[in-house]
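*Asks:* Would you mind keeping the following structure in view while I ask a few things?
In my numbering, the protein residues as written are 6 to 476.
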């Protein structure tokens with residue numbers, strides 16, 4: 006018969022027989038006898054994936070591979086399982102069973118036996134789990150964290166199989182692990198990934214019984230017989246450790262004070278460590294470069310925090326991922342390194358040192374977009390060029406427009422002055438100024454070409470030259 010949990014029972018006992026003999030399980034049955042049983046439908050082929058992704062699933066396969074004497078047999082079994090040759094898998098205490106089809110289509114019944122835990126071992130496991138609520142929560146989440154297995158082992162309970170624990174039986178007549186029992190074990194590893202209770206069922210306890218017993222033990226611990234004041238004090242101490250009862254917390258929801266406001270962001274990035282010590286650096290390590298990277302990390306973290314706290318942050322587009330060459334420019338702009346580190350950054354950016362200086366100035370005015378205007382000369386479509394010329398004609402009052410001559414496909418230079426306007430792909434205008442025979446960025450972008458050009462002229466009057474990096 007079966008119940009609502011998907012378990013089948015072969016007798017009238019609610020839990021079947023766990024085969025335990027003695028407190029420690031010595032001599033417990035490998036056969037599984039009669040008891041709760043779960044049957045899993047055949048899984049699809051496992052093309053292009055491993056058979057175990059969880060650590061406990063891999064431990065199961067490790068026990069198989071350490072036990073088998075013939076690695077070639079296991080390889081064939083893995084291929085059978087990968088191609089979907091394993092039928093429905095039946096799991097019950099001490100035994101797993103499935104029909105496995107060989108490569109020629111012949112079907113064999115294959116079983117793998119695993120020692121069940123005895124009554125004493127289960128008592129120790131349940132006591133250990135009740136003492137640590139996290140273990141119960143992990144099992145309910147279909148997880149088997151390493152510390153659960155370690156704590157169980159500390160209590161003398163080995164949950165995972167070891168070398169020689171997986172004993173094969175197959176109608177093909179093989180005495181060692183054959184391709185059919187190997188295929189079954191590989192398929193069971195996939196089941197274990199999804200539900201570690203499959204392993205606990207093989208060890209002798211189905212999920213329903215295990216959770217019922219944990220609940221009974223938890224309740225017994227919560228209501229211990231007291232002896233007057235000492236018992237009440239113990240109960241009060243336990244309640245203090247375990248938290249506030251749900252009813253009390255719910256009743257106090259309307260009178261609790263609001264949470265405090267989050268702390269404000271620091272006004273400046275933190276200082277990086279100083280690596281100028283008496284201990285010489287290891288070969289290949291440049292302490293000055295590491296100091297620059299540490300300081301840059303602090304600046305970036307501070308900037309990201311300010312952006313995250315700014316109103317409307319969730320509506321902002323994701324930042325553009327920088328290329329290594331762009332990031333070298335950004336690092337030079339933010340860190341303001343000395344000449345030696347600046348020369349290394351210039352090499353990383355793919356630019357001569359003097360060009361890195363111009364790139365740094367552009368970056369400080371507009372980041373990636375400004376860098377693109379510095380490096381690229383693009384050809385606007387005819388209709389975009391008509392709109393740009395009309396915008397230039399409308400930007401100044403009558404008689405105030407400077408004489409502009411086209412100096413490229415999206416560039417206009419002021420006649421008689423070392424000033425230039427550049428149009429980007431988004432229709433914004435960027436001012437440029439010629440210094441020592443080179444055009445360099447002279448200000449941020451502006452939707453109005455007159456405003457952009459005025460900014461460049463103000464920059465020239467304020468002496469904006471030399472804002473790059475020392476190289």
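We put the beta carbon where it would ideally sit given N, CA and C, even for glycine.
Computed from a predicted structure; not experimentally measured.
Would you check if the distance between the CB atom of residue 97 and the CB atom of residue 42 is smaller than 8 Å?
*Replies:* For residue 97 and residue 42, yes; Cβs fall inside 8 Å.
*Asks:* Of all the options 401, 89, 171, which has the alpha carbon lying nearest to the alpha carbon of residue 118?
*Replies:* For residue 118, the nearest C-alpha among the options comes from 171.
*Asks:* When the Cα atoms are used, what is the spatial distance from residue 6 to residue 213?
*Replies:* Confidence is the limiting factor: at residue 6 the pLDDT is only 39, short of 50, which leaves the residue's position unreliable, though a coordinate-based value still follows. The straight-line gap from Cα to Cα measures roughly 15 Å.
*Asks:* Taking the Cβ atom as the reference point for each residue, do residue 126 and residue 167 lie within a distance shorter than 8 Å?
*Replies:* In this structure, residue 167 does not lie closer than 8 Å to residue 126 by Cβ.
*Asks:* Quick one: give me the first and last residue of the alpha helix (DSSP H) that residue 60 is part of.
*Replies:* Here the alpha helix (DSSP H) through residue 60 covers 60-72.
*Asks:* Entirely within the segment 350-403 and at least 4 residues each: give me those alpha helix (DSSP H) ranges in chain order.
*Replies:* Whole alpha helix (DSSP H) segments, 4+ residues: 358-380, 387-399.
*Asks:* Which of helix, strand or coil does DSSP assign to residue 2?
*Replies:* No answer is possible for residue 2: it lies beyond the span of the chain, which begins at 6 and ends at 476.
*Asks:* So the candidates are 55, 415, 333; which of them puts its Cα closest to the Cα of residue 191?
*Replies:* Comparing Cα positions, the closest option is 55.
*Asks:* Under three-state DSSP, which class holds residue 327?
*Replies:* Reduced to three states, the DSSP call for residue 327 is coil.
*Asks:* Going straight from the alpha carbon of residue 337 to that of residue 373, what length do you get?
*Replies:* When rounded, the distance between both Cα atoms is 14 Å.
*Asks:* So, with DSSP's three-state summary, where would you put residue 285?
*Replies:* In this structure, residue 285 counts as coil in the three-state DSSP scheme.
*Asks:* Does the distance from the C-beta atom of residue 353 to that of residue 333 stay below 8 Å?
*Replies:* Yes, the Cβ-Cβ distance between residue 353 and residue 333 is below 8 Å.
*Asks:* For residue 455 and residue 401, which I take to be in contact (beta-carbon distance under 8 Å), what is that distance rounded to the nearest angstrom?
*Replies:* At roughly 5 Å, the Cβ-Cβ gap stays under 8 Å, so residue 455 and residue 401 are in contact.
*Asks:* How big is the Cα-Cα spacing for residue 38 and residue 207?
*Replies:* Residue placement at residue 38 cannot be trusted, given a pLDDT of 45 that sits under 50; what the coordinates show is reported in the next sentence. If I take the Cα positions, the gap works out to 12 Å.
*Asks:* Measuring alpha carbon to alpha carbon, tell me which of 147, 369, 188, 131 ends up nearest residue 2.
*Replies:* The shown model of the chain, from 6 to 476, leaves out residue 2, and the question about it has no answer.
*Asks:* Under three-state DSSP, which class holds residue 341?
*Replies:* Correct three-state label for residue 341: coil.
*Asks:* According to DSSP, which residues form a beta bridge with residue 111?
*Replies:* Residue 111 is not bridged to any residue.
*Asks:* Determine the contact status of residue 434 and residue 423, defining contact as a CB-CB distance below 8 Å.
*Replies:* Against a cut-off of 8 Å, the Cβ pair of residue 423 and residue 434 comes out as no contact.
*Asks:* Roughly how many angstroms separate the alpha carbons of residue 239 and residue 140, rounded to a whole number?
*Replies:* Its pLDDT being 47, under 50, residue 239 is placed unreliably by the model, and nothing is read from it.
*Asks:* With distances taken between CB atoms, is the gap from residue 215 to residue 135 smaller than 8 Å?
*Replies:* No, these two residues do not count as a Cβ contact at 8 Å.
*Asks:* So for residue 207, helix, strand or coil by DSSP?
*Replies:* DSSP places residue 207 in helix when its eight states are reduced to three.
*Asks:* Please name the residue, chosen from 273, 225, 116, that lies closest to residue 176 on a Cα-to-Cα basis.
*Replies:* Among 273, 225, 116, the Cα nearest to that of residue 176 is on 116.
*Asks:* In three-state DSSP terms, what is residue 120?
*Replies:* Looking at residue 120 - three-state DSSP - the assignment turns out to be coil, as it is neither helix nor strand.
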